[in-house]
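There are 2 protein chains.
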Amino acid sequence: MYVHTFALLMKLEQAIQSTKFKNEVQKASLNVLYTAWWLKNLVSQELKEFGLTHEQYNVLRILKGKYPDQMCVRDIACRMIEQNSNVPRIIDRLVIKKLVKRATSLEDKRETVITITQAGISILESSTLAIDTKYVNSVSITETDATMLNSLLEKVREKE
Amino acid sequence: MYVHTFALLMKLEQAIQSTKFKNEVQKASLNVLYTAWWLKNLVSQELKEFGLTHEQYNVLRILKGKYPDQMCVRDIACRMIEQNSNVPRIIDRLVIKKLVKRATSLEDKRETVITITQAGISILESSTLAIDTKYVNSVSITETDATMLNSLLEKVREKE
DNA sequence: TTTAATTACGTGTACATACATCTATTTTTT
DNA sequence: AAAAAATAGATGTATGTACACGTAATTAAA
Chain R
2 MYVHTFALLM KLEQAIQSTK FKNEVQKASL NVLYTAWWLK NLVSQELKEF
52 GLTHEQYNVL RILKGKYPDQ MCVRDIACRM IEQNSNVPRI IDRLVIKKLV
102 KRATSLEDKR ETVITITQAG ISILESSTLA IDTKYVNSVS ITETDATMLN
152 SLLEKVREKE
Chain H
2 MYVHTFALLM KLEQAIQSTK FKNEVQKASL NVLYTAWWLK NLVSQELKEF
52 GLTHEQYNVL RILKGKYPDQ MCVRDIACRM IEQNSNVPRI IDRLVIKKLV
102 KRATSLEDKR ETVITITQAG ISILESSTLA IDTKYVNSVS ITETDATMLN
152 SLLEKVREKE
């Protein structure tokens with residue numbers, strides 16, 4: 002009985018070799034950070050095969066969401082999960098790989114408009130398939146629990 | 002009523018300007034990633050005042066946990082939340098700031114042993130105080146909800 | 001309308017991640 | 001004991017983050 006409880010509780014503790022937490026809130030913070038790293042890692046492993054990084058994939062995904070419309074750099078940036086991402090630099094690498102095209106906007110010459118190419122759409126589709134499969138096999142949480150998790154994460158950030 | 006529900010549900014959606022998620026599991030993934038970024042950002046804002054980065058703070062915290070014992074680089078590395086952290090390089094910066102000391106182990110000359118200095122302990126204590134205060138004011142989740150959150154996050158990672 | 005403020009975004013720097021490789025040790029094998 | 005394997009950690013490279021600053025273009029103010 003004790004052993005069983007111990008085994009269940011050891012997951013985060015094992016991962017970061019630490020058992021002393023001030024309280025559940027502090028533990029939850031570390032748990033969120035560790036789980037984010039774990040998820041990112043899971044996805045990156047799949048993307049490696051396609052020569053993409055997590056952030057390059059995100060930019061492609063955002064562009065696909067508006068396709069066939071173009072998007073300016075600012076619009077992409079404010080949809081990024083890590084809100085301080087340096088989008089121009091990520092786009093540099095996608096341009097080199099010909100997965101997106103960059104052009105100056107005609108309406109506002111300050112703006113750079115980005116379009117996903119057919120090659121970009123194609124690599125996005127195959128990599129998304131690989132990630133989805135990986136998720137089904139590796140992320141073990143039910144829809145009901147995920148809904149609960151979503152509401153708890155919103156509570157964490159409620160004050161700001 | 003509709004407006005109220007909408008406002009509550011918009012938190013992640015607003016942050017990343019996206020409302021289309023395949024399912025709750027996919028949304029929860031993005032929510033974990035976004036919340037991790039949000040928490041890291043919160044802490045980094047406080048640490049900036051002390052000239053520390055999030056990772057430098059983590060290394061100091063780990064060293065303090067063993068103080069007055071020394072730790073080798075490997076022991077520190079396996080306790081890091083981001084398990085691919087390049088610890089030697091983080092230690093470089095802490096050594097420059099005289100917050101830790103580096104020496105070759107006498108028992109095993111391959112090992113580098115790291116010790117936190119008094120200056121390191123001192124900066125760790127004041128920055129921890131600042132972070133704790135920030136948490137009390139910004140992270141709005143109860144101990145009970147945090148416990149639930151911890152168990153759901155463990156469920157996410159259960160399969161591996 | 002001329003100046004001032006704002007905006008979009010490229011770019012430089014410091015730090016970190018992810019990963020491969022190199023060197024110096026130590027341990028294991030033969 | 002000598003050779004091979006394993007280990008610790010430093011270091012190089014590509015990429016990303018965080019943030020400051022510069023430049024060009026647009027909008028607002030005087």
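In order, the protein sequences belong to chains R and H. The first sequence begins at 2 in this note's numbering and counts up one residue at a time. The second sequence begins at 2 in this note's numbering and counts up one residue at a time. Even glycine gets a Cβ: it sits at the ideal position worked out from N, Cα and C.
{"Item": "Under 8 Å by beta carbon: chain H residues contacting Lys160/R", "Value": "Asn138, Ser139, Val140 and Ser141"}
{"Item": "Distance between Lys102/R and Thr118/R (C-alpha atoms, nearest Å)", "Value": "7 Å"}
{"Item": "Outcome for Ile97/R when other beta-carbon atoms lying within 10 angstroms are tallied against a minimum of 16", "Value": "exposed"}
{"Item": "Spatial distance of Lys28/H from Glu155/R (CA atoms)", "Value": "12 Å"}
{"Item": "Extent of the continuous alpha helix (DSSP H) to which Ala94/H belongs", "Value": "Checking the displayed sequence, the identity of residue 94/H turns out to be Arg instead of Ala. Looking at the DSSP string, the run of the alpha helix (DSSP H) that includes Arg94/H is Val88 to Ile97."}
{"Item": "Per DSSP, cross-strand counterpart(s) of Lys160/R", "Value": "In the DSSP output, where bridge partners are listed per residue, Lys160/R has none listed."}
{"Item": "Residues near His1/R in its chain [Cβ-Cβ closer than 7 Å; skip 5 each side]", "Value": "Here chain R comprises residues numbered 2 to 161, so residue 1/R is not present and cannot be evaluated."}
{"Item": "Whole-Å CB distance - Val26/H paired with Val140/R, under 8 Å assumed", "Value": "6 Å"}
{"Item": "For Leu125/H and Pro89/H, the rounded distance between their alpha carbons", "Value": "19 Å"}
{"Item": "Alpha carbon of Glu159/H to alpha carbon of Thr148/R, nearest angstrom", "Value": "17 Å"}
{"Item": "Beta carbon proximity, Ser30/R to chain H, threshold 8 Å", "Value": "yes"}
{"Item": "Interface residues of the segment 58-84 of chain R facing chain H [CB-CB below 9 Å]", "Value": "Ile63, Gly66, Asp76, Cys79, Arg80, Met81, Ile82, Glu83 and Gln84"}
{"Item": "Contacting residues, own chain, Cβ-Cβ under 6 Å from Gly121/R (five flanking each side not counted)", "Value": "Leu61, Leu100 and Val101"}
{"Item": "For Ile115/H: DSSP bridge partner residues", "Value": "Met72/H and Arg103/H"}
{"Item": "C-beta contact flag for Leu53/R and Leu31/R at 8 Å", "Value": "no"}
{"Item": "Exposure of Tyr35/R, with buried meaning 16 or more beta-carbon neighbours within 10 Å", "Value": "buried"}
{"Item": "Sequence-distant residues of the same chain with beta carbon closer than 8 Å to Val74/H, five excluded per side", "Value": "Val88, Pro89, Ile92, Glu112, Thr113 and Ile115"}
{"Item": "Chain H contact for Ala37/R (CB, 8 Å cutoff)", "Value": "yes"}
{"Item": "Nearest-angstrom Cβ-Cβ length linking Phe51/R and Ser128/R, presumed shorter than 8 Å", "Value": "5 Å"}
{"Item": "Buried versus exposed, by CB contacts within 10 Å (16 or more), Ala104/R", "Value": "exposed"}
{"Item": "DSSP state of Lys110/H mapped onto helix, strand, coil", "Value": "coil"}
{"Item": "When Ile77/R, Ala16/R and Asp146/R are compared against Cys79/H, the one with the closest alpha-carbon", "Value": "Ala16/R"}
{"Item": "Cβ neighbour criterion (16 or more within 10 Å) applied to Val157/H", "Value": "buried"}
{"Item": "Nearest-angstrom Cα separation, counted from Asp146/H out to Asp146/R", "Value": "13 Å"}
{"Item": "Arg94/R and Gln57/R closer than 8 Å at C-beta", "Value": "yes"}
{"Item": "Gln84/H to Gly66/R span [Cα, whole Å]", "Value": "32 Å"}
{"Item": "Cα-Cα separation between Asp109/H and Asp76/H, rounded to whole angstroms", "Value": "14 Å"}
{"Item": "Under 9 Å by beta carbon: chain R residues contacting Glu144/H", "Value": "Asn24, Glu25 and Val26"}
{"Item": "CB of Ala131/R within 8 Å of CB of Ala37/H, strictly", "Value": "no"}
{"Item": "Boundaries of the alpha helix (DSSP H) in which Val33/H is found, first to last residue", "Value": "Glu25 to Lys49"}
{"Item": "Length of the line joining the Cα atoms of Leu150/R and Thr143/R", "Value": "10 Å"}
{"Item": "Buried or exposed (CB count within 10 angstroms, at least 16 for buried), Asn59/R", "Value": "buried"}
{"Item": "Span of the alpha helix (DSSP H), counted from its first residue to its last, around Gly66/R", "Value": "His55 to Lys67"}
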